[in-house]
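Residue numbers (the working numbering): 1 to 308.
These notes concern the structure reproduced below.
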Amino acid sequence: MTNGKALPADYNLTPTNKYTSRNREIADFTHSKEDANIDMDVVKSFGEEWNKFHEFSKKTIDLICREYFDIIDESIVNKDTYMIDIGCGSGRWSEYFLDKAAFIEAVDPSDAVFAADKLLGKSDKLRITRASINTLPWPDETFDFGMSVGVLHHIPDTRLALEECVKKIKKGGHFYVYIYYKLDNRGILFKSLFYCSDIIRRVVSKMPSFLKKGICDILAVVAYMPFILLSRLLKWVGLKKLSQMLPLSAYANKSFYVIRNDSLDRFGTKLEHRFTKAEIESMMKEAGLTNIRFGNDSAFWHAVGQRS
Ligand SMILES: C[S@@+](CC[C@H](N)C(=O)[O-])C[C@H]1O[C@@H](n2cnc3c(N)ncnc32)[C@H](O)[C@@H]1O
Numbered sequence: 001m002t003n004g005k006a007l008p009a010d011y012n013l014t015p016t017n018k019y020t021s022r023n024r025e026i027a028d029f030t031h032s033k034e035d036a037n038i039d040m041d042v043v044k045s046f047g048e049e050w051n052k053f054h055e056f057s058k059k060t061i062d063l064i065c066r067e068y069f070d071i072i073d074e075s076i077v078n079k080d081t082y083m084i085d086i087g088c089g090s091g092r093w094s095e096y097f098l099d100k101a102a103f104i105e106a107v108d109p110s111d112a113v114f115a116a117d118k119l120l121g122k123s124d125k126l127r128i129t130r131a132s133i134n135t136l137p138w139p140d141e142t143f144d145f146g147m148s149v150g151v152l153h154h155i156p157d158t159r160l161a162l163e164e165c166v167k168k169i170k171k172g173g174h175f176y177v178y179i180y181y182k183l184d185n186r187g188i189l190f191k192s193l194f195y196c197s198d199i200i201r202r203v204v205s206k207m208p209s210f211l212k213k214g215i216c217d218i219l220a221v222v223a224y225m226p227f228i229l230l231s232r233l234l235k236w237v238g239l240k241k242l243s244q245m246l247p248l249s250a251y252a253n254k255s256f257y258v259i260r261n262d263s264l265d266r267f268g269t270k271l272e273h274r275f276t277k278a279e280i281e282s283m284m285k286e287a288g289l290t291n292i293r294f295g296n297d298s299a300f301w302h303a304v305g306q307r308s
C-alpha cells in the first residue's frame, strides 16, 4: 500500500547522466556504483533488440500477459501499489500494469529505456530510469510489488541478483519472477531439440549485430514456424492436448512479430542460465520470499512470493 505517500519516491543516488527522450527525462545511474553482476555485451545486445522490437499493440500485450501474470491478482497489484519493473526492456509489461497500479518505476540498464519511452508514451503514473539491479536508486523496502520478467537468467549471478531485487520490496509486499526453466517438466525428445538449438544460440549470439538480426529472422521462419504451424494445425483438427506437447506451441496464438522478437531474444543472447522449479523456489526462499506460488502453464517458470 502507498499509505498516502506522495509518489514516486526520491532517488537516493546521484545520476551520472540525464537524457531528454521523446516523452520524458531519463536519469542514468548505471555508473553511480560499482556493478560486478552485469554482462555489458548482453545489455548492449538487449538495447538493440528492444529498439528494433517495441511496437506491441495493447491486444498483443494483454494476450501474453494473461499467460505471464495469471498468478497476479488484485490482492497483489491494485490502485495503491507502488511497483518496480526491473529489466523492463521495451516496457511492454509496465504498459500492462499502467492502469492497475498506483505508480510504476520502469528500469533497465540498456538503450531499451528509449524504446520504453516510445512504447509507454506520456504518463504521470510512470517513470523510466536507466539502472541495473546493483544500481537501483531507491532505498531498500520501497516497493509494494516488484517484477523481473525474463531478466535474472541473463545476469552472471542470478541468485545474488534476486536477493538485491527482493531487498527493494517492503515486508509483506510481493516479488514476481519469470526465469528460464531447465526443461525439468519435459521429455527426452524435447530436451534433445533444445540442446541442438542451444548450439545454434552459442554461435549466432556471438555474431555482429546486423548478421545476428538477419539470421534470427531466418530462424523465426525455419526453426519456429514449422512447429508453430503444426501446433496450429493439430489444434484446428481438435487435437489440442497433442498440439500443446509440441515445442514452441506457446507461440501458436502469437503474431509473427512476436515470434521474430523472441527468436532474436532467444538466439541472440550470449548469456543464459536455466533453473529447475526446485532451484528457483530455493533461490526465492533464500532471498527472503515466502508463500511462493508457481504458474502451472507456460511460460516456465513464473512465480510470485511474499517478502517475509
Ligand atoms: C529478455 S529482456 C526482458 C525485457 C522485459 N522484461 C520483457 O520481458 O519484455 C532482459 C532485460 O534485462 C536487462 N538486464 C540485463 N542485465 C541487467 C541487470 N544487471 N540489471 C537489470 N536489468 C538487466 C536487459 O537490458 C534487458 O532489457
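Beta carbons: idealized from backbone N, C-alpha and C, even for Gly.
I believe aspartate 108 touches cysteine 88 by the beta-carbon criterion, under 8 Å. Please report the beta-carbon distance rounded to the nearest angstrom. Taking the sequence shown and counting its residues from 1, one reaches residue 108 at position 108. Taking the sequence shown and counting its residues from 1, one reaches residue 88 at position 88. Confirmed, about 5 Å.
Spatial distance of leucine 120 from threonine 14 (CA atoms): To locate residue 120, count along the sequence shown from 1; it is residue 120. To locate residue 14, count along the sequence shown from 1; it is residue 14. C-alpha separation (whole angstroms): 25 Å.
Is it buried or exposed, methionine 310, if we count other Cβ atoms within 10 angstroms and call 16 or more buried? There is no way to answer for residue 310, as the model of the chain reaches only from 1 to 308.
Just mark glutamate 286 as buried or exposed, buried being the case when its beta carbon has 16 or more other beta carbons within 10 Å. Residue mapping note: residue 286 aligns to position 286 of the sequence shown, counting from 1. It is exposed - the Cβ of glutamate 286 has fewer than 16 other Cβ atoms within 10 Å.
May I ask you to report which of helix, strand or coil DSSP gives serine 205? Sequence index remark: in the sequence shown, residue 205 carries index 205 (1-based). Serine 205: coil per DSSP, three-state reduction.
Measure the CB-CB distance between histidine 174 and arginine 307 and report whether it falls below 9 Å. The sequence position of residue 174 within the sequence shown is 174, counting from 1. The sequence position of residue 307 within the sequence shown is 307, counting from 1. Yes, the Cβ-Cβ distance between histidine 174 and arginine 307 is below 9 Å.
Sub-9 Å separation of threonine 60 and lysine 235 beta-carbons: Residue mapping note: residue 60 aligns to position 60 of the sequence shown, counting from 1. Residue mapping note: residue 235 aligns to position 235 of the sequence shown, counting from 1. No.
Isoleucine 259 versus alanine 115: straight-line alpha-carbon distance, rounded: Within the sequence shown, numbered from 1, the residue matching residue 259 stands at position 259. Within the sequence shown, numbered from 1, the residue matching residue 115 stands at position 115. Cα to Cα, the separation comes out at about 19 Å.
Using a 10 Å radius around the Cβ and a threshold of 16 neighbouring Cβ atoms, would you call isoleucine 76 buried or exposed? Here residue 76 corresponds to residue number 76 of the sequence shown, with the count starting at 1. Answer is buried; the Cβ neighbour count reaches 16.
Alpha-carbon to alpha-carbon, phenylalanine 46 and aspartate 10: In the sequence shown, the residue the question calls residue 10 occupies position 10. In the sequence shown, the residue the question calls residue 46 occupies position 46. Each residue's alpha carbon lies about 27 Å from the other.
Output the distance between the C-alpha atoms of tyrosine 19 and valine 151, rounded to the nearest integer angstrom. Translated into the one-based positions of the sequence shown, residue 19 becomes position 19. Translated into the one-based positions of the sequence shown, residue 151 becomes position 151. Their backbone Cα atoms lie some 24 Å apart in a straight line.
Alpha helix (DSSP H) containing aspartate 117: first to last residue? Numbered from its first residue, the sequence shown carries residue 117 at position 117. Aspartate 117 -> alpha helix (DSSP H) spans 112-120.
Identify whether serine 94 lies in helix, strand or coil by the three-state DSSP scheme. Working through the sequence shown from its first residue, we reach residue 94 at position 94. Of the three classes helix, strand and coil, the one that applies to serine 94 here is helix, per DSSP.
For the candidate residues Phe294, Glu279, Ala6, Val203, whose alpha-carbon lies nearest to that of lysine 125? Translated into positions along the sequence shown, residue 125 becomes position 125. The shortest Cα separation from lysine 125 among Phe294, Glu279, Ala6, Val203 belongs to Ala6.
Output the distance between the C-alpha atoms of glutamate 49 and arginine 92, rounded to the nearest integer angstrom. Mapped onto the sequence shown, residue 49 falls at position 49. Mapped onto the sequence shown, residue 92 falls at position 92. The alpha-carbon atoms of glutamate 49 and arginine 92 are separated by roughly 13 Å.
Report the CB separation of phenylalanine 29 from proline 137 in whole angstroms; it is logged as a contact under 8 Å. Locating residue 29 in the sequence shown gives position 29, counting from the first residue. Locating residue 137 in the sequence shown gives position 137, counting from the first residue. Phenylalanine 29 to proline 137, Cβ: 5 Å. Contact.
Limits of the unbroken alpha helix (DSSP H) element including leucine 264: Position 264 of the sequence shown, counted from the start, is the residue given in the question as residue 264. 256-267 is the extent of the alpha helix (DSSP H) around leucine 264.
Going by CA-CA distance only, name the one from Asn12, Phe300, Gly288 that's closest to isoleucine 169. In the sequence shown, the residue the question calls residue 169 occupies position 169. Ranking the options by Cα distance to isoleucine 169, first place goes to Gly288.
For glutamate 141, the nearest candidate out of Phe294, Ala131, Tyr82 (CA to CA): As a working mapping, residue 141 is identified with position 141 in the sequence shown. It is Tyr82 whose Cα lies nearest to the Cα of glutamate 141.
Where does asparagine 3 fall in DSSP's three states? Against the sequence shown, residue 3 aligns to sequence position 3. Here the model assigns asparagine 3 a pLDDT of 49, short of 50, so the residue's position is not dependable, and the following value carries that caveat. Residue state, collapsed to three classes: coil.
Ligand 1 and arginine 92: does any heavy atom of the ligand fall closer than 8 Å to the residue's C-beta? Walking along the sequence shown from the start, residue 92 turns up at place 92. The answer is yes for arginine 92.
Answer yes or no: the CB of serine 148 versus the heavy atoms of ligand 1, is any distance below 8 Å? Indexing the sequence shown from 1 puts residue 148 at position 148. Serine 148 Cβ: within cutoff of ligand 1.
Measure how close the beta-carbons of tyrosine 224 and serine 263 come, nearest whole angstrom, since I'm counting them as under 8 Å. In the sequence shown, residue 224 corresponds to position 224, counting from 1. In the sequence shown, residue 263 corresponds to position 263, counting from 1. That belief holds up - the Cβ atoms of tyrosine 224 and serine 263 are roughly 6 Å apart, short of 8 Å.
Does the beta-carbon of valine 113 have 16 or more other beta-carbons within 10 angstroms, so that it is buried, or is it exposed? Taking the sequence shown and counting its residues from 1, the one referred to as residue 113 is at position 113. Buried.
Whole-angstrom distance between serine 298 and serine 249, CA atom to CA atom: Translated into the one-based positions of the sequence shown, residue 249 becomes position 249. Translated into the one-based positions of the sequence shown, residue 298 becomes position 298. Their Cα atoms are separated by approximately 10 Å.
Following a CB-centred definition, is histidine 302 positioned closer than 8 Å to any heavy atom of ligand 1? Counted from its first residue, the sequence shown places residue 302 at position 302. Not under cutoff, so the answer is no.
6 Å CB neighbourhood of tyrosine 251 in its chain, flanking five on each side removed: In the sequence shown, counting from the first residue as 1, residue 251 sits at position 251. Closer than 6 Å at Cβ, skipping near neighbours: Ile228, Ile259.
On a Cα-Cα basis, can you pick out the residue from Pro8, Ile64, Glu34 that is closest to tyrosine 178? For the purposes of this step, residue 178 is identified with residue 178 of the sequence shown, where counting begins at 1. Nearest of Pro8, Ile64, Glu34 to tyrosine 178, Cα basis: Ile64.
Using the Cβ count rule (16 or more neighbours within 10 Å means buried), how would you classify glycine 295? By 1-based counting over the sequence shown, the position of residue 295 is 295. Glycine 295 should be labelled buried.
When the distance is taken between beta carbons, is isoleucine 84 closer than 9 Å to methionine 147? Residue mapping note: residue 147 aligns to position 147 of the sequence shown, counting from 1. Residue mapping note: residue 84 aligns to position 84 of the sequence shown, counting from 1. Result yes, Cβ atoms of methionine 147 and isoleucine 84 sit closer than 9 Å.
Ignore the nearest five residues each way along the sequence and tell me which others in threonine 158's own chain have a CB closer than 6 Å to its CB. For the purposes of this step, residue 158 is taken as the residue at position 158 of the sequence shown. Same-chain partners within the cutoff: Leu152, His273.
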